[in-house]
Amino acid sequence: MSGQLAELVASIATGSVRVVDLTFTLSPEFPALVLPVEFGQCQPFRIEEVSRYDPRGPAWYWNNISMSEHCGTHYDAPIHWVTGRDLPHNSVDTVPVESFIAPACVIDCAADAAADADFVLKVEHITAWEAQHGRIPAKSWVLLRTDWSKRDYAGYANLREDGAHTPGPSPEAMRFLVDERGILGFGVETIGTDAGQAHHFAPPYPAHHFLHGAGRYGLQCLCNLDQLPPKGAVIFGAPLKIKQGSGSPLRVLALVER
Amino acid sequence: MVEPLLPPKRKNPLKRTRLPVSPPDIRSRQSHLLTAAAAEGRFGMPGCLECGAVHYPARDACPNCLSSRIGLIACSDRGTLAEATAVEVSNNVYFRERSPWRVGLVTLDAGPGVVAHLHADCVVRGRVKLAWTLDRSGNAVAFATPETPSANMEDDRQIREMTLDPKHRRVLITDGRTALGQAVAKALSAAGAAIVFVGIADPWKPFAGQDRLAAIAGVQIMPLDITDTESVRELADEIGGRVDIVVNTAEHIRPGGLLDRNGVNLAREELDSGYLGLLRLAQAFGPAMKFRGADGVNSACAWVNVFSIYAQMPWPAYGAYSAAQAAMLGASMSLRGELRSGGVRVVHIFTGPTEDEWFQPLPPPKVAHGQIANAVVDALRRGIEEAWVGDVAQDFRERLQQNAKALEREVGQ
């Protein structure tokens, strides 16, 4: 093997390109999205042992698993939201595979999110980032770093009487990223791409609304974003090829040059 | 007077745990008239449905008129203790291990004489109250207590063999997130349970009554999600050898029949927390409890499941929920059969619609959670197997017995 791919493989082998795992372990305890009880619910991850070197299967260990498409670290396809329902290639089995490998810009709002659980990413935060790191390239992931993944489960879900309180983007910021910058998708550490209180925004759930309406993608429940540079990382994340799937748990890896 | 029962001393961990053995458990079919009465804490004597004469033991034909129509006839449970003795030597292993064992002959006011197990405070020629109680084999036996209740009556060594008294025992309540689970925790703590383990699923999700629950004496909050096999196993690994009573308070109430629901996701959730939840709990906690059925003052003794009455006859408006309840009831009855040889009794509490958010549009009367909690404690103290809580449940029970087909039509209206 020679050429660019051989170079990449060699760089990974020598460690000059580091592979960072941005994925939470799929486990039954991990908080799942909580919807109002009248709605259908997101089935949490469950695991049932089929055999473990025992009479049910003497030499082998394996499990049956069950979960919602939107469990753990997961991917949202455009078909997930009503705004993206009629787009071409809008489900996980038809999304162009080239989009599964793409560069990432990481906007660090960890300090803001620590100060205010309802922190909202605004256009000015994005332009301030660009002033420092340059314009966000088209077809790249924008990842919102909040350090939310470092919280304990209660702090992570952060549920109160009036619902979840977690950070997310404003409608204007989302339109800006989608229309003005042509991003590939938006990724977050929290349970949803939208803020916990985003049902009060106009439109409600702006990240879902604008991203999926324009055929873009979402990544949720990411971790280790603090190990990524503001610019230059490459994301590899391919959802399961579920027929007409709206999303899927997936392994998200970042390639980072040392 | 019986000395008040003291909390048991710590077990010597080097000693072998004695295996539970059963008292004689063969009964005639007619004798199960008494098992049915004992299961619900009712009293009556076998008698002739033609001429009304009562007799004992239960016979296949009336000794008075030879009719074969034998049933349970309601009569006074009072009588006089004619004679008493203590069995010092028995061929039966169960009684050998518990000798001396006090028995006596009670002459009932209703006529028949009955050989009965005796409470320590029953005196010869004294007045007694007779009850049919379930023994550790799950069959009815006659048990006499003084007509006037005496001090610490429930602590009597022999009566505790019949009852499932939570005093000094360690209880697991499977779901403390609900008002029902919290009411049961409070009632069992007040009834003298040594530890009340309370399972909480999704601890990251806040719930109403959290602080009050944690403040109840003896309550220990444990992570437990009965829809997650691993979670149930992990808790059993930790406390399985110390659970003497399980009270399964799992609830998943949603309206909807078969046709007005779209898909099976909700039904799957109902089965997961009802039927499969019970299965997971049974597999994780059942074997150790069955093994510990004779483990001293705090032996394993009871498994309580709380059901909707619609487990017995579906309410089409809540049809899917009713079906899940019926599945759980079926499993629970098998569990009863499987645990019986270990001396562990499975108790069913049936309730009508409760004061629950999901029954909010229904008119009263609705059952308060405290009522169910009291029924759980009462069933354990009396050692009964079936209890129907509240007017709706009682009425349902009667109509079910009288004409199940009529009830099916009535509930469907």
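Residue numbers (this note's numbering), protein chains in the order written: chain S, 1 to 258; chain P, 1001 to 1413.
We put the beta carbon where it would ideally sit given N, CA and C, even for glycine.
If you're wondering where the values come from, they're calculated on a predicted model, not measured in any experiment.
What are the boundary residues of the beta strand (DSSP E) that residue i is part of?
i: Lys1009 of chain P; result: Neither: Lys1009 of chain P is in no beta strand (DSSP E) and is coded neither H nor E.
i: Gln1210 of chain P; result: No beta strand (DSSP E) contains Gln1210 of chain P, which is instead part of the alpha helix (DSSP H) from 1210-1215.
i: Lys1405 of chain P; result: Element bounds for Lys1405 of chain P: not the beta strand (DSSP E) but the alpha helix (DSSP H), 1404-1411.
i: Tyr61 of chain S; result: 57-66
i: Asp21 of chain S; result: 17-21
i: Gly247 of chain S; result: 247-249
i: Glu257 of chain S; result: 252-257
i: Arg46 of chain S; result: 46-54
i: Tyr217 of chain S; result: 217-220
i: Gly1079 of chain P; result: 1078-1087
i: Pro1046 of chain P; result: 1045-1048
i: His1348 of chain P; result: 1345-1351
i: Val234 of chain S; result: 231-237
i: Glu1386 of chain P; result: 1386-1389
i: Asn1152 of chain P; result: From DSSP, Asn1152 of chain P is part of no beta strand (DSSP E); its letter is neither H nor E.
i: Trp1303 of chain P; result: 1302-1308
For the alpha helix (DSSP H) that contains residue i, what are its first and last residues?
i: His209 of chain S; result: 206-213
i: Met1328 of chain P; result: 1319-1340
i: Gly1286 of chain P; result: 1275-1291
i: Glu1230 of chain P; result: 1229-1239
i: Asn1374 of chain P; result: 1369-1382
i: Leu8 of chain S; result: 4-14
i: Glu1040 of chain P; result: 1032-1040
i: Asp112 of chain S; result: 110-115
Cβ of residue i within 7 Å of any heavy atom in the ligand PLP?
i: Gly247 of chain S; result: Of ligands this structure carries none, so the ligand PLP is not represented either.
Exposed or buried, residue i, counting other C-beta atoms within 10 Å across all chains shown (16 or more means buried)?
i: Trp1303 of chain P; result: buried
i: Val9 of chain S; result: exposed
i: Tyr53 of chain S; result: exposed
i: Thr1163 of chain P; result: buried
i: Cys1065 of chain P; result: exposed
i: Glu1357 of chain P; result: exposed
i: Gln1182 of chain P; result: buried
i: Phe1197 of chain P; result: buried
i: Lys1186 of chain P; result: buried
i: Tyr1094 of chain P; result: buried
i: Val97 of chain S; result: exposed
i: Phe39 of chain S; result: exposed
i: Ser1068 of chain P; result: exposed
i: Ala1320 of chain P; result: buried
i: His80 of chain S; result: buried
i: Leu1224 of chain P; result: buried
i: Ile126 of chain S; result: buried
i: Val37 of chain S; result: exposed
* Uninterrupted alpha helix (DSSP H) stretches inside the stretch 121-193 of chain S (no shorter than 4 residues) -> 123-133, 153-157, 171-175
* Asked: Can we say the stretch 105-116 of chain S touches the stretch 215-224 of chain S, given the rule of at least three CB pairs closer than 8 Å?
  -> no
* Given a limit of 9 Å on CB to CB distance, which residues of the stretch 1209-1234 of chain P reach chain S? -> Pro1223, Asp1225, Thr1227, Asp1228, Thr1229, Glu1230, Ser1231
* **Residues of the stretch 1185-1209 of chain P with Cβ closer than 8 Å to any Cβ of chain S, in chain order** => Asp1202, Pro1203, Trp1204, Lys1205, Pro1206
* Using 8 Å as the threshold, is the stretch 146-163 of chain S in touch with the stretch 222-234 of chain S, meaning 3 or more CB pairs across them? -> Verdict: yes, contact present.
* **Inter-stretch contact at 8 Å, needing at least 3 Cβ pairs: the stretch 19-32 of chain S / the stretch 69-84 of chain S** => yes
* Asked: Counting Cβ pairs closer than 8 Å, one from the stretch 1235-1242 of chain P and one from the stretch 1287-1307 of chain P, do we hit at least three?
  -> As far as the Cβ criterion goes, the stretch 1235-1242 of chain P touches the stretch 1287-1307 of chain P, which means the pair count is three or higher.
* Runs of beta strand (DSSP E) wholly within the stretch 1158-1226 of chain P (minimum 3 residues, chain order) -> Qualifying beta strand (DSSP E) stretches, in chain order: 1170-1173, 1195-1200, 1219-1223.
* Asked: Can at least three beta-carbon pairs, one atom from the stretch 1301-1318 of chain P and one from the stretch 1248-1256 of chain P, be found at a separation below 8 Å?
  -> yes
* To do: Indicate whether the contact test is met: 3 or more Cβ pairs, each with one atom in the stretch 1117-1127 of chain P and one in the stretch 1080-1099 of chain P, closer than 8 Å.
  => The way I'd put it, the stretch 1117-1127 of chain P does touch the stretch 1080-1099 of chain P; three or more beta-carbon pairs between them come closer than 8 Å.
* Counting pairs of beta carbons, one from the stretch 1273-1283 of chain P and one from the stretch 1327-1344 of chain P, are three or more of them closer than 8 Å? -> yes
* the stretch 1332-1339 of chain P / the stretch 1367-1376 of chain P touching (three or more Cβ pairs under 8 Å) -> no
* Quick one: which unbroken alpha helix (DSSP H) runs of 4-plus residues sit fully inside the stretch 1092-1135 of chain P? Chain order, please. => 1093-1096
* Give, in chain order, every residue of the stretch 1249-1265 of chain P whose Cβ lies closer than 7 Å to some Cβ of chain S. => Asn1265
* Do three or more CB pairs link the stretch 1005-1012 of chain P to the stretch 1344-1351 of chain P at distances below 8 Å? -> no
* Asked: Any residues in the stretch 145-157 of chain S with a beta carbon nearer than 9 Å to a beta carbon of chain P? Which ones, in chain order?
  -> Asp152, Tyr153, Ala154, Gly155, Tyr156, Ala157
* Please determine if the stretch 154-163 of chain S and the stretch 1189-1207 of chain P are in contact, where contact requires at least 3 C-beta pairs separated by less than 8 Å. => yes
* To do: Mind the definition here: the stretch 54-64 of chain S touches the stretch 198-205 of chain S only if three or more C-beta pairs lie below 8 Å; say whether that holds.
  => No: fewer than three Cβ pairs fall under 8 Å.
* Would you say the stretch 238-249 of chain S touches the stretch 1139-1155 of chain P, given that touching needs at least three Cβ pairs under 8 Å? -> no
* Do three or more CB pairs link the stretch 1024-1032 of chain P to the stretch 129-140 of chain S at distances below 8 Å? -> no
* Using a Cβ-Cβ cut-off of less than 7 Å, give me the residues of the stretch 44-69 of chain S that come near chain P, in sequence order. => Within the stretch 44-69 of chain S, the qualifying residues are Arg46, Ile47, Glu48.
* To do: Examine the Cβ distances between the stretch 1034-1044 of chain P and the stretch 1378-1386 of chain P and report whether three or more of them are shorter than 8 Å.
  => yes
* Validate contact between the stretch 1217-1235 of chain P and the stretch 1165-1183 of chain P using beta carbons, cut 8 Å, 3 pairs -> yes
* How do the stretch 1045-1062 of chain P and the stretch 1106-1118 of chain P stand: do at least 3 beta-carbon pairs fall below 8 Å, yes or no? -> In this structure the stretch 1045-1062 of chain P touches the stretch 1106-1118 of chain P; the number of beta carbon pairs closer than 8 Å is three or more.
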